[in-house]
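Asks: Residue 267 in the UniProt record's numbering sits at position 267 of the sequence shown, and the numbers go up by one each step.
Yeah, the Cβ is synthetic: ideal placement off N, Cα and C, and Gly gets one too.
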Amino acid sequence: MIANAKPSPLLTLPTIRLDHLRSGDTSESKKLIDACRNWGFFYLDLTSDDVLCRQWEEMLVAMKDYFEQPLDVKMQDARQSDNYGYEPQGTEVGPRPDTVDGYESLKISRREFLKGSTDLTTASALAKTDLFFDFSSNAHTVTIMMLERLSDEMGLKGGDRFEAFHNDKVPSLTNLTLLRYPKHDELKGSSVGHNKHTDIGSLTFLLAGQWGLQALSPDQETWAFVEPRPKHAVINVGDSLRFPSKGQLLSAVHRVIPIHEKQHEDRYSIAYFLRIANDTPFRDAAGKLWSAKEWHDFKFDAFRAPASLDPDMQVLTGMMERDDVHVGYVDKAGAANAAIAT
Numbered sequence: 001m002i003a004n005a006k007p008s009p010l011l012t013l014p015t016i017r018l019d020h021l022r023s024g025d026t027s028e029s030k031k032l033i034d035a036c037r038n039w040g041f042f043y044l045d046l047t048s049d050d051v052l053c054r055q056w057e058e059m060l061v062a063m064k065d066y067f068e069q070p071l072d073v074k075m076q077d078a079r080q081s082d083n084y085g086y087e088p089q090g091t092e093v094g095p096r097p098d099t100v101d102g103y104e105s106l107k108i109s110r111r112e113f114l115k116g117s118t119d120l121t122t123a124s125a126l127a128k129t130d131l132f133f134d135f136s137s138n139a140h141t142v143t144i145m146m147l148e149r150l151s152d153e154m155g156l157k158g159g160d161r162f163e164a165f166h167n168d169k170v171p172s173l174t175n176l177t178l179l180r181y182p183k184h185d186e187l188k189g190s191s192v193g194h195n196k197h198t199d200i201g202s203l204t205f206l207l208a209g210q211w212g213l214q215a216l217s218p219d220q221e222t223w224a225f226v227e228p229r230p231k232h233a234v235i236n237v238g239d240s241l242r243f244p245s246k247g248q249l250l251s252a253v254h255r256v257i258p259i260h261e262k263q264h265e266d267r268y269s270i271a272y273f274l275r276i277a278n279d280t281p282f283r284d285a286a287g288k289l290w291s292a293k294e295w296h297d298f299k300f301d302a303f304r305a306p307a308s309l310d311p312d313m314q315v316l317t318g319m320m321e322r323d324d325v326h327v328g329y330v331d332k333a334g335a336a337n338a339a340i341a342t
């Protein structure tokens, strides 16, 4: 349920209609690329897709059943992986000084989907495998379609098209991540939210019906809340779409924080992280060459111990932010082609 009280300030984001994108509406595709260039964040109106909206509700029920189990049961699904399995809260640095993250997660990888079986073992997870896979399939189709529209708008051809970097014949770290931020009664909890960051992959398909998500406004240089809307996903551009586009597309700096010092209810969110093939090379904003897997692994290490890395690199925020101010380049007047490094 979405709360009536609205925190402030609010981020005003564009809304893209899924049905119009699917029909090939060129004006909607232009709205899509404008949103990716200027915001890196936008709402995707899902009201035309009864299946996705129903699955959202079914996923919430499944998540509550899973996360309300005792910790020792959930730990049977722990795989010490950043790509699949269960992870308890408190494994990464939090958004405030001397805090750790305030969420637990269950991840189902694209690899598991493609082989048709999960590596999870708890009865609760196994009972919902079909639902997890069905939702993943739908979210994957939608995000790939959006990449196709972006490629069309940027005039990309053949192997330079964004969707070409997501060939299932090559392993990737694409996954479905289910998150619960447990309620707490502490005025200043030590385990809260999710630290500021940009996403690692190309596009994120996020379903969140409760307050907590904030983004760093690219025009006002301030943190603002993203309003949760019924039957609307929040889509954001990640590093491995921004870097290959040579800064044409903006990866959004965001975080999750409680809207009150006390969190009176569990907060749930569903994220499908579309990621490019592991061996895809690209150059970051500083010109350093990475493979997609190297960037993924390096950034997850930074989530766990950011103080151990070069502070000038700003890896968590994708070289887009320093001290809550945008510093990343957005070369909208640059080259139209988004060539992957070779």
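Let me know the secondary structure DSSP gives Gly85 once reduced to three states.
Replies: Gly85: strand per DSSP, three-state reduction.
Asks: Which residues mark the beginning and the end of the beta strand (DSSP E) in which Asp45 is found?
Replies: Counting along the chain, the beta strand (DSSP E) containing Asp45 begins and ends at 41-45.
Asks: Considering only C-alpha positions, which residue in the set Asn236, Gly318, Ile144, Gly287 is nearest to Gln214?
Replies: Considering only alpha carbons, the answer is Asn236.
Asks: Let me confirm a value: Asp77 is counted as buried when at least 16 other C-beta atoms fall within 10 Å, else exposed. Which label applies?
Replies: Buried is the call here.
Asks: Whole angstroms are fine: how far does the CA of Tyr268 sit from the CA of Phe205?
Replies: Each residue's Cα considered, the two are about 14 Å apart.
Asks: Do the region 159-177 and the region 254-264 make contact, defined as three or more Cβ pairs closer than 8 Å?
Replies: Touching, no.
Asks: So for Tyr181, helix, strand or coil by DSSP?
Replies: DSSP places Tyr181 in strand when its eight states are reduced to three.
Asks: Take residue 405 and list the residues in its own chain whose beta-carbon comes closer than 6 Å to its own, dropping the five residues that flank it on each side.
Replies: Outside the shown range of the chain, which is 1 to 342, sits residue 405, and nothing can be said about it.
Asks: Tell me whether Asn167 is buried or exposed, calling it buried when 16 or more other Cβ atoms sit within 10 Å of its Cβ.
Replies: Classification of Asn167: exposed, given that the 10 Å Cβ count is below 16.
Asks: Determine the direct distance from the alpha carbon of Leu250 to that of Glu58, and round the result to whole angstroms.
Replies: Spanning the two alpha carbons is a distance of roughly 32 Å.
Asks: Look at the alpha carbon of Gln69 and the alpha carbon of Ser124, and state the distance between them as a whole number of angstroms.
Replies: Taking the straight line from one Cα to the other gives about 9 Å.
Asks: Have a look at Pro14, Pro218, Ser27, Arg283 and flag the residue whose alpha-carbon is nearest the alpha-carbon of Ala252.
Replies: Of the listed residues, the one whose Cα sits closest to Ala252 is Pro218.
Asks: Taking only three categories from DSSP, how would you classify His254?
Replies: Reduced to three states, the DSSP call for His254 is strand.
Asks: Evaluate Asp19 with the Cβ neighbour count: other Cβ atoms within 10 Å of its Cβ, from every protein chain shown; 16 or more gives buried, anything less gives exposed.
Replies: That one is exposed.
Asks: In three-state DSSP terms, what is His197?
Replies: Three-state result, His197: strand.
Asks: Between Tyr272 and the rest of its own chain, which residues show a CB-CB distance below 6 Å, the 5 nearest in sequence each way excluded?
Replies: Result list for Tyr272: Ala139, Leu176, Phe205, in chain order.
Asks: Return helix, strand or coil for Thr204, following the three-state DSSP convention.
Replies: It is a strand residue.
Asks: Using the C-alpha atoms, what's the distance from Glu163 back to Glu148?
Replies: Glu148 and Glu163: Cα-Cα distance of roughly 6 Å.
Asks: In the DSSP assignment, what residue or residues form a beta bridge with residue 350?
Replies: Since the displayed the chain opens at 1 and closes at 342, residue 350 lies outside it and no answer follows.
Asks: Report the rounded CA-to-CA distance for Lys30 versus Leu71, giving the unit in angstroms.
Replies: So the alpha carbons of these two residues sit roughly 47 Å apart.
Asks: Could you say which of Leu106, Glu28, Arg79, Ser48 lies nearest to Tyr66 if we only look at CA atoms?
Replies: For the residues Leu106, Glu28, Arg79, Ser48, the minimum Cα distance to Tyr66 belongs to Leu106.
Asks: As a quick exercise: from Ala208, Lys231, Leu156, Thr12, pick the residue whose alpha carbon is nearest that of Phe41.
Replies: Closest option to Phe41, Cα to Cα, is Thr12.
Asks: DSSP state of Ser245, grouped into three classes?
Replies: In this structure, Ser245 counts as coil in the three-state DSSP scheme.
Asks: DSSP three-state label for Ala233, please.
Replies: Here Ala233 sits in strand by DSSP.
Asks: Would you check if the distance between the CB atom of Leu46 and the CB atom of Ile16 is smaller than 7 Å?
Replies: Contact flag unset, no.
Asks: Take the Cβ of Ala127 as the centre, count every other Cβ of all protein chains shown within 10 Å, and call the residue buried at 16 or more, exposed below.
Replies: It counts as exposed.
Asks: Beta-carbon within less than 7 Å of Leu114's beta-carbon, same chain only, minus the 5 sequence neighbours each way: which residues are those?
Replies: Around Leu114: Asp168.
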